[in-house]
Amino acid sequence: MRFLALAVVLAFVVAACGSGDPGSTTSSSAQVSATDPPTTSDQPAAEIKVSPAADTTDVMPDAVVNVQVMRGDLSKVSVTSAAGDELAGAVSGQAWSSTARMKPDTSYTVAVTAAGPQGGVSTQTSTFSTHKPAITATYGIVYNQQTVGVAMPASIQFDSVVTDAAYRKKIEQAVSVTTSPKVEGSWCWLDNRQLMWRPKEFWSPGTTVTIKAPLTGFQTGEDKWVAEDLSGSMTIGRQQLSRVDIDKHQMTVTRDGATVKTFPVSSGKPGEETETRSGMKVVIGKQRDMIMDSATVGIDKGEPGYYKVDTNFNVRVTWTGEFVHSAPWSVGAQGSTNVSHGCVNMAPSAAEWFFDNSIPGDPVDFEGSSREFKPSEGIGVWQYGYAQWQQQSALV
363 MRFLALAVVL AFVVAACGSG DPGSTTSSSA QVSATDPPTT SDQPAAEIKV
413 SPAADTTDVM PDAVVNVQVM RGDLSKVSVT SAAGDELAGA VSGQAWSSTA
463 RMKPDTSYTV AVTAAGPQGG VSTQTSTFST HKPAITATYG IVYNQQTVGV
513 AMPASIQFDS VVTDAAYRKK IEQAVSVTTS PKVEGSWCWL DNRQLMWRPK
563 EFWSPGTTVT IKAPLTGFQT GEDKWVAEDL SGSMTIGRQQ LSRVDIDKHQ
613 MTVTRDGATV KTFPVSSGKP GEETETRSGM KVVIGKQRDM IMDSATVGID
663 KGEPGYYKVD TNFNVRVTWT GEFVHSAPWS VGAQGSTNVS HGCVNMAPSA
713 AEWFFDNSIP GDPVDFEGSS REFKPSEGIG VWQYGYAQWQ QQSALV
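In my numbering, the protein residues as written are 363 to 758.
Dropping the structure here:
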């Protein structure tokens with residue numbers, strides 16, 4: 363009996379020790395297997411580096427935003443303005459870089475998602491803000507969504523000068539023109555405010571022209587930055603060409619190569635300030651009724667040559683005050699003598715016809731004057747031969 367009792371005690375002790383022995387091969391059903399992966403909270407996080415760093419201010423609009431995953435795998439990047447506009451970018455390996463410029467005076471949020479070395483997902487968010495310039499540069503797509511004549515260039519016009527050749531070069535590289543059908547042509551600067559794309563020859567009627575100017579974040583002067591992207595289009599209408607022979611006092615209008623009208627006219631009388639300019643001009647716009655005041659071209663009241671008259675059917679061909687318009691007071695001189703202050707005078711019925719049948723972009727070729735039309739005095743792209751025009755590019 364003593365041996366039986368001892369055996370029972372020993373068996374109990376062995377069983378009790380076996381249940382807690384770390385070297386035992388026995389395990390409870392609740393124990394985690396050594397081959398199970400660690401929990402997400404135990405996984406090392408991805409290491410993410412963002413530039414500009416969080417809370418950075420005064421970042422220049424042309425700076426590049428960079429995101430790099432130093433440890434782990436990049437999954438997603440978004441850089442979004444306060445207005446919800448997303449900044450374009452591209453991935454290369456485990457890095458992301460912006461490919462567009464930013465809007466000045468704007469807050470951006472960078473959100474990055476990456477997987478850690480062992481698969482855990484990490485998300486990092488930060489914000490920064492861009493520089494607030496002294497001046498926000500503005501511009502427009504001229505004659506957007508209009509039907510225009512065969513001489514009208516695609517035009518981007520800035521409201522103030524683009525002061526530096528380096529700025530003009532970067533802007534010219536950023537803009538584009540698409541035509542249907544495809545046409546040979548070139549972007550060039552008419553002056554430091556007007557960037558224009560003209561075809562090698564006049565457009566063919568029916569051509570469609572699309573202009574894209576993604577200029578947000580481009581600099582145009584000292585602390586002067588653009589804050590918007592613009593695009594536009596125009597359609598080329600019928601082909602109409604007018605020729606004004608200043609010496610013979612006659613205008614001839616052709617359409618699609620056929621003469622449709624011939625009118626007697628009176629142009630600018632001889633004189634350094636009054637002679638009508640000679641050269642290929644382009645219709646800029648029309649105004650049915652207006653007051654022509656010589657004070658707008660520097661001849662004030664009381665000075666020789668001063669005038670202030672009401673005129674009708676005004677078709678503008680230069681910024682310097684040259685129009686084709688109705689002039690009933692000079693009908694007697696039309697066809698024989700030049701008596702105007704630089705405009706082309708026509709009889710009321712002739713002027714009305716020309717007004718009704720002209721559209722912006724129609725070419726008007728003037729010949730017979732020693733006073734030459736300067737390109738910047740109007741839409742002067744056709745004062746250049748094509749090779750000369752190409753030399754006006756900021757990329758040359």
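Even glycine gets a Cβ: it sits at the ideal position worked out from N, Cα and C.
- Given a length threshold of 3 residues, each whole run of the beta strand (DSSP E) inside the stretch 513-578 is given here in chain order: 516-520, 538-542, 547-551, 556-561 and 570-575.
- The way I'd put it, the stretch 590-601 doesn't touch the stretch 657-675; fewer than three beta-carbon pairs between them come closer than 8 Å.
- Spanning the alpha carbons of R560 and S488 requires a straight line of approximately 45 Å.
- Excluding its 5 nearest sequence neighbours in each direction, L436 has C-beta neighbours in its own chain below 6 Å: Q456 and A476, listed in chain order.
- For S711, the enclosing alpha helix (DSSP H) has its first and last residue at P710 to D718.
- In this structure, DSSP gives T658 a helical state, which the three-state scheme calls helix.
- Here DSSP, grouped into helix, strand and coil, assigns V743 to helix.
- Judged by beta-carbon spacing, M613 lies beyond the 9 Å limit of Q745, meaning their Cβ atoms are not closer than that value.
- For G723, the number of other beta carbons within 10 angstroms of its own is at least 16, and it is reported as buried.
- Rounded to whole angstroms, T616 and E729 show a C-alpha spacing of 16 Å.
- Following the DSSP letters along the chain, one finds Q602 inside the beta strand (DSSP E) bounded by residues Q602 to D607.
- At a Cβ-Cβ threshold of 9 Å, P737 and L603 do not count as neighbours.
- Residue environment analysis places Q750 among the exposed positions, since fewer than 16 neighbouring C-beta atoms fall within 10 angstroms of its C-beta.
- Under DSSP, the beta-bridge partners assigned to H687 are N707.
- Counting the other CB atoms within 10 Å of its CB gives G511 a total of 16 or more, which places it among the buried residues.
- By DSSP's assignment, N674 forms a beta bridge with D651.
- Leaving aside the five residues that flank D467 on each side, the residues in its chain whose CB is nearer than 6 Å to its CB run, in chain order, K494.
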